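Input: a single structure, listed below in structure tokens.
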Amino acid sequence: MNYTVYNYGLHVGKIDVTGVASSSVFLVGDSETIRLQSFFDTPPESLIIGPFVPIEEEGTFVEERSQDEG
Amino acid sequence: MRDKRLAVAHTAQVNSVTIGSGLLIGDVNQLNPRSRAIAVQREGPHTIEDHVSFTTYPIFQREPSPMLPPLTISSSFHHVDHEICVDSMFILGASTASAIQIGGIDHIDAHARVKHIRILSDEQ
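So, in structure tokens, the structure goes:
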């Protein structure tokens, strides 16, 4: 198989972007390879209600409260 | 694609570029932005003074998926027009291992890891 590309004129007027986030790319130009990876973790156990408790079995989230906080 | 087209941007307005991100004008060979973040949303007027380690959370230890094998298709590129033109662009923000680039780039390998935690003081 032969993959042939002809790049003719490319003229864009106005671009309006709100956000480029978490391993994303906004590119005006040519590129060879692009590899974008993003890990995002917000499981139900990430929602902590009430007093502080360890939130994951693999480790603990230790809070050191200062004395004036009671 | 060895020879890259010229990127022409007349106006570019970017509000903020934060947390391992970049606004790049010109040609780049390689770009490897990395970001690790623990985002804590806590109810109440507390200040966060805790020392939290990335090793506590498995998301920061997980191995990424292996690279796909490179494409072996024979390809050819013909630039009839040698310019990519943009009149104006407005970008509010770039964050967490991201990039805004005007110009050619060979390789991009970006990586972001975010652990999100919400802490409420009482049951609603």
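From first to last, the protein sequence lines are chains A and B.
Residue numbers for the first sequence follow the working numbering, beginning at 2 and rising by one.
Residue numbers for the second sequence follow the working numbering, beginning at 44 and rising by one.
Cβ atoms here follow ideal geometry from the backbone N, Cα and C, with glycine treated the same way.
The model shown is predicted, which means the values in this text are computed figures rather than measured ones.
| Asked | Found |
| --- | --- |
| Measuring CB atoms only, is the stretch 93 to 112 of chain B touching the stretch 44 to 51 of chain B, in the sense that at least three cross pairs come out at less than 8 Å? | no |
| Looking at the secondary structure, which residues open and close the beta strand (DSSP E) in which Lys47 of chain B lies? | First-last for Lys47 of chain B: undefined, no H or E at that position. |
| Put Ile102 of chain B into one of helix, strand or coil per three-state DSSP. | helix |
| Output needed for Ala80 of chain B: all residues of its chain with C-beta closer than 6 Å, excluding positions within five of it in sequence on either side, in chain order. | Val157 |
| Compute the distance between the beta-carbons of Val18 of chain A and Leu135 of chain B, then report whether it is under 8 Å. | yes |
| Given this structure, state the Cα-to-Cα distance separating Ser131 of chain B from Asp149 of chain B, to the nearest angstrom. | 24 Å |
| State yes or no: is the C-beta of Tyr4 of chain A within less than 8 Å of the C-beta of Val123 of chain B? | no |
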